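To start, the structure under review is shown below, and the notes come after it.
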Amino acid sequence: MSQPLLFQSSDQATERITLFADVILPLPLPKLYTYRVPFDMNDDIFVGTRVIVQFGAKKILSCIVADVHETPPAGYQAKYILEIIDEKPVVTPQQLKIFNWIAEYYMCTIGEVINAALPSALKLSSESRIQLHPQFNAEYPVYPLSPAEEKIVFALGQNKTLTFTEVGNLLQINHFHKIIKSLIQKEVIIIFEEIADKYTPKVVKKLRLSPNFVHEAEMLEELMNQLAVRPKQLDVVLHYLQKVPVHQNVHLNEKGVDKNILTSNPHLSLSSINALIKKGILEQFETIVSRFPVDDTKPIPAFNLSEHQIAARDEILNLFGSKDIVLLHGITGSGKTEVYIDLIKKAMEGGGQVLYLLPEIALTAQIVTRLIKVFGNRLGVYHSKFSDNERVEVWNGILSGRFSVVIGVRSAIFLPFYNLSLIIVDEEHESSYKQYEPAPRYNAREVALMLATYHKCKTLLGSATPAVETYYNAKTGRWGLVTMNKRFGQAGLPDIELVDTRRESQKKTMHSHFSQKLLAMIESKLKKEEQVILFQNRRGYAPYINCHDCDWIPKCKNCAVSLSYHKYNRELRCHYCGYHETMPHECPACGSAMIKTVGFGTEKIEDELKLLLPEANIQRMDLDTTRSKNSYQQIIADFEANNTNVLVGTQMVTKGLDFENVSLVGIINADSIINYPDYRAHERAYQMFVQVSGRAGRKGKKGLVIIQTGNPSQGIFQKVMENDYMALYEHEIQERRKFNFPPFMRVIKVTVKHVDEKLNEQAAALLAKEFTDRLPNNQVLGPEVPYIFKIRNYFLSEIHIKLDREHTSLKSAKLVIADAINQIKFNKDFRNIRVVVDVDPV
DNA sequence: AGCACGCCGACT
DNA sequence: GTCGGCGTGCTC
27 MSQPLLFQSS
37 DQATERITLF
47 ADVILPLPLP
57 KLYTYRVPFD
67 MNDDIFVGTR
77 VIVQFGAKKI
87 LSCIVADVHE
97 TPPAGYQAKY
107 ILEIIDEKPV
117 VTPQQLKIFN
127 WIAEYYMCTI
137 GEVINAALPS
147 ALKLSSESRI
157 QLHPQFNAEY
167 PVYPLSPAEE
177 KIVFALGQNK
187 TLTFTEVGNL
197 LQINHFHKII
207 KSLIQKEVII
217 IFEEIADKYT
227 PKVVKKLRLS
237 PNFVHEAEML
247 EELMNQLAVR
257 PKQLDVVLHY
267 LQKVPVHQNV
277 HLNEKGVDKN
287 ILTSNPHLSL
297 SSINALIKKG
307 ILEQFETIVS
317 RFPVDDTKPI
327 PAFNLSEHQI
337 AARDEILNLF
347 GSKDIVLLHG
357 ITGSGKTEVY
367 IDLIKKAMEG
377 GGQVLYLLPE
387 IALTAQIVTR
397 LIKVFGNRLG
407 VYHSKFSDNE
417 RVEVWNGILS
427 GRFSVVIGVR
437 SAIFLPFYNL
447 SLIIVDEEHE
457 SSYKQYEPAP
467 RYNAREVALM
477 LATYHKCKTL
487 LGSATPAVET
497 YYNAKTGRWG
507 LVTMNKRFGQ
517 AGLPDIELVD
527 TRRESQKKTM
537 HSHFSQKLLA
547 MIESKLKKEE
557 QVILFQNRRG
567 YAPYINCHDC
577 DWIPKCKNCA
587 VSLSYHKYNR
597 ELRCHYCGYH
607 ETMPHECPAC
617 GSAMIKTVGF
627 GTEKIEDELK
637 LLLPEANIQR
647 MDLDTTRSKN
657 SYQQIIADFE
667 ANNTNVLVGT
677 QMVTKGLDFE
687 NVSLVGIINA
697 DSIINYPDYR
707 AHERAYQMFV
717 QVSGRAGRKG
727 KKGLVIIQTG
737 NPSQGIFQKV
747 MENDYMALYE
757 HEIQERRKFN
767 FPPFMRVIKV
777 TVKHVDEKLN
787 EQAAALLAKE
797 FTDRLPNNQV
807 LGPEVPYIFK
817 IRNYFLSEIH
827 IKLDREHTSL
837 KSAKLVIADA
847 INQIKFNKDF
857 RNIRVVVDVD
867 PV
C-alpha cells in the first residue's frame, strides 16, 4: 500500500506554506469544495482523513480530504477547516480511485458514493441545539414569556441543552420554530451547532486486586488470613486467583477479569464483591473491547476436499495464471463453498486480503459459523443488519490489518482494502447485487471486477445458474470457466415433477391453492418426519381485494397500484410507498359485504395449509416475519431443530440455507415467476427454480420438487427438469443477440418523474428526442409509460438507451446524456422534473 | 441534502 | 393586515 502523502515534514513547518484541501462532502453535489488548512494543521492533513468543516450558514459536517495543494481558489474566499478528526486516513487512495470510477460509470456524484460507502458512524453532522442565554436571568425576565416559552426555559434550566426534536416532544406541537425565534429575539436562549461522535466503543467493567496486595507475596498471604473471618469474601478472592493466577505471575493482575464473570457466578455473593470493592481490596476499571470477540484458540481445521473439488480448485488456480477472472459454474450442492475456503486460505498464505461477497439473503448464520470455524478472528462480517458500531469496527479492522477476510453483502465493496489478492462473488447472477435506490445505482459484481483491476488481484465468480452475460464472457474465452457438475456426497439431483393446476381445477381436485398431488406428498413426508419447504414469491395475504358486487378494488392514493391485503393486522398496504389503511368490512363504494381476496401470497398459503393440516407445525419466513434480527434466527433455528415441519416463504428460503431433513420442496405458483414483462424473465425464472429445487434432499437423501403450473408445456420446465443450463443459455443468448440486449448492447434507463402527468410526458418526449438526435448510432426507445405509472405521487416515463459499443464510447455517450438532462432543465416548465439515470439496469 | 430567501392564500 | 406555504438557488 502506498503511504499517505505527507505534504510537509515537521522541520519545515516554520515556512508556513498556505495549504488548501479539496474535500468530498457526503452530499449529492457535483464537485469538490476547497477549504483552507490552518497553519497549525499543515503537518496533520492527509488525503483520506476526515475533517470537520462548516458548510453553508451553519451546518457543520465531516468530509473526506480528496486532495491537498497550494492553489488558492479563484473567485471566493475559502473557509478554514475546523478540525482534523483522524490521525491516519480512513479512506485509502485505492478507494478514492474506485469511488471516482463508480461516480463516473453510474452517473452520480462522488458525494453520493461516499455517502453510501461510509458507515454512518463515520459521517458526522451537526445538530442545532439551544441553551439559555448567558445573560438571561430567570427571576427577572426582560420580556414576559408565554406558557410554552416558560416550559422551554424550565427544561433548559434542568437539562442545559435541547435539540429541536426534544423541544417538539416537550411541547407536543410541530410549530415550535416561531417560539424558538421569539426566545432568541428576547435574548432568552442562544442556538449553537453540536457535532457528536457517533461511534461508541464497547466498554466492559473489569476487576483486579488492588496493586498493594500483589507486589509482595506476603501481602497476599496476609490478606487471606484477614479474610478468614469473612468466608464469602475470601471465596470471591479465591475465585479471582483461580481465574487470574497472580501468585504465578504478578503481571496477570493488571488485566484482571471481566466483572460479570464474578458477578454472574451463582456461588459468589454480589454483596461480598461490592464489599471488597468498597474496602479497596478489589479495584474496578474499564477497558475497550472489540464487538467481535477475539478467540485465538481455534486452529484452522483441516478438511478434505473431494476429488472433484480438488480438480476444480486446481483448474481455477491454473486458469488464474492466464486470466484475471474465472467463472465457477457448479450445480447446487456441488460443494463450491469448500473450494472457496481452500482458495481463500491460499490467498491468505500469500499475505493478501480476501473479499467474499454474498447476496443479502444468502449471508446467513450458517455460512458465517462455518467460516468462523476456519478463519477465526481474522474474519470480518459485513452485513446490513449489523449495527453501525459493528460496521465501523469492521472498517477499522481492515485498515489495521486485523481482518484479512471479509464476508459481506454488496456494500462490502466499499471497505478500505489495501492489499486484495482475491475477490469471490458467490451467486454472481443475483440481481440484488444491484442497488436501485438511492444513487449510486451500482452493481457490486461489476464494481468488484473493477476493484480487482485496481488491486491487480483475481476474481472468482460462482453460480449454479450464471447470468447470461457472465457465461457469455466465460464461453467466449475472455474469462476462465470451470465447471462442477457432480453433487457432493451421495445424493443425486432431486426429482422434479410438474403438476397441471389447470387440469386439477377442472377435475375439482384442487384444495384451494394446493393440488391433490402436492398435498398428498406433504402429508406423506410429514408422516416420515421429514420436512417441507413451500415457495411462493409474494408476501402478504393477497395482492388485492375486490368487491364481488360492484368490482371495486382499493388503490393506493399515492401510487398506481392496488393495495395488498395483509391479514394478520387486517390492513391494506401499498408495497411501493408504505401507505396503509384498515381493511373495510364492507365495500365503501356500494356497501356490499361480499369482499373477496384475489391472488395469494405467503400469508394465505400459511393460513390455508394450517386449515388443511391442523397437526403440522407451519412457519412463514418473508420480509414481514423477519423484520428484526432475532426473528430471522429464530425461524431458522426452529426449522433446524425440527420444531417446524413446513416452512412457507419467499426467496428468503431459497438461499444460503442447508437443511438436512428437507425432502420435499413445493413451488406453489410457477407461472407468477415466469410471466414477467422483462427480457430477463426466463433467465430469472430458471435461476429461481433451480435455486429452490436445490433445497430438496441434501446429504444422502434424494429429494422431490413439485412445481405447480397452469401451463406445464412451456419449454422452461423441460430445461429445469433436465438441469440443462446450456439449453437455457443458448436460447437466451440468441434472443439477446436478436433483440440487441446485453451483453451485445449496453442499456441505460432514464426515468423522468414529475407530479404533473402532462408535463412529465412532454419532458420525457423532449428528452428522448434529444437523445435520439445526439446519439445517432444508438437506439433510443420510448418514452414509455411503465406498468406502474405513478409512485409516491410522481408520474413516471422511461427511456431506454441501447448503446452500441462498436460505434460509441460509453464515456462520451454518458456525457451526452448528462448534458441533455441538464439542458432540459433550462426550460422553466421542466425545472421541476426529476431524472434518474440507471446504468446497466437489472 | 439542508437551509434561507422570496412571493401568493387563510387567518387574527 | 400577518403567518406560513413551499418553489428556487446556493453552499468553498
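According to the numbering used here, numbering within the first sequence proceeds without interruption in unit steps and concludes at 868.
Ideal Cβ positions, reconstructed from N, Cα and C, are used throughout, including at glycine.
Predicted model, so just to flag it, every value in this text is computed and none were measured.
For residue i, three-class secondary structure by DSSP
i    : result
L560 : strand
L32  : Low confidence applies here, because L32 scores a pLDDT of 47, under 50, leaving its location unreliable and the question unanswered by this model.
T496 : helix
K854 : helix
K543 : helix
N572 : strand
A39  : In this prediction, A39 scores a pLDDT of 48, lower than 50, which makes its location untrustworthy; the coordinate-derived value is nonetheless stated afterwards. Three-state result, A39: helix.
P809 : strand
D830 : coil
K186 : coil
V861 : strand
V473 : helix
A129 : helix
Q259 : helix
Y820 : strand
E153 : strand
L158 : strand
T44  : coil
T60  : strand
K764 : helix
H537 : strand
V240 : coil
K551 : helix
L303 : Before going on, a small fix: residue 303 reads as Ile here, not Leu. I303: helix per DSSP, three-state reduction.
C-beta contact flag for residue i and residue j at 9 Å
i    : j    : result
V679 : E632 : no
F65  : P99  : no
D864 : R467 : yes
K484 : I449 : yes
S719 : P520 : yes
G625 : P569 : yes
Y705 : R762 : yes
E607 : Y131 : no
A147 : R436 : no
A869 : V116 : Lying before the first or after the last residue shown, residue 869 is absent from the chain, which here runs from 27 to 868.
Residues bridged to residue i (per DSSP)
i    : result
N251 : According to DSSP, N251 bridges with nothing at all.
I287 : According to DSSP, I287 bridges with nothing at all.
V691 : I559 and V731
M510 : G356
H592 : E597
G488 : L354 and D452
E523 : I732
L233 : V283 and Q310
V776 : I825 and V863
V49  : Y59 and V91
Cβ neighbour criterion (16 or more within 10 Å) applied to residue i
i    : result
Q335 : buried
F218 : exposed
R234 : buried
H592 : buried
H241 : exposed
V861 : buried
S88  : buried
V894 : No information on residue 894 is available, as it lies outside the stretch 27 to 868 that the chain covers here.
T358 : buried
Quiz prompt | Ordered list of beta strand (DSSP E) runs contained in the region 708-748, each at least 3 residues | solution = 730-735
Self-check item: Ordered list of alpha helix (DSSP H) runs contained in the region 391-438, each at least 4 residues
Solution: 391-401 and 414-425, all fully within the region 391-438.
Practice problem: Identify every run of the beta strand (DSSP E) within the region 68-94, keeping only runs that are complete inside it and at least 3 residues long; order them along the chain. | Solution: The region 68-94 contains these whole beta strand (DSSP E) runs: 76-80.
Practice problem: Enumerate, from N- to C-terminal direction, the unbroken alpha helix (DSSP H) stretches of 4 or more residues contained entirely within the region 605-682. | Solution: 628-638 and 655-666
Quiz prompt | Complete beta strand (DSSP E) runs within the region 332-390 (minimum length 3 residues, chain order) | solution = If one requires a minimum length of 3 residues, the beta strand (DSSP E) runs lying completely within the region 332-390 are 351-356 and 379-383, in chain order.
Practice problem: Let me know the alpha helix (DSSP H) ranges lying completely inside the region 189-223, each 4 residues or longer, listed in chain order. | Solution: 190-197 and 203-211
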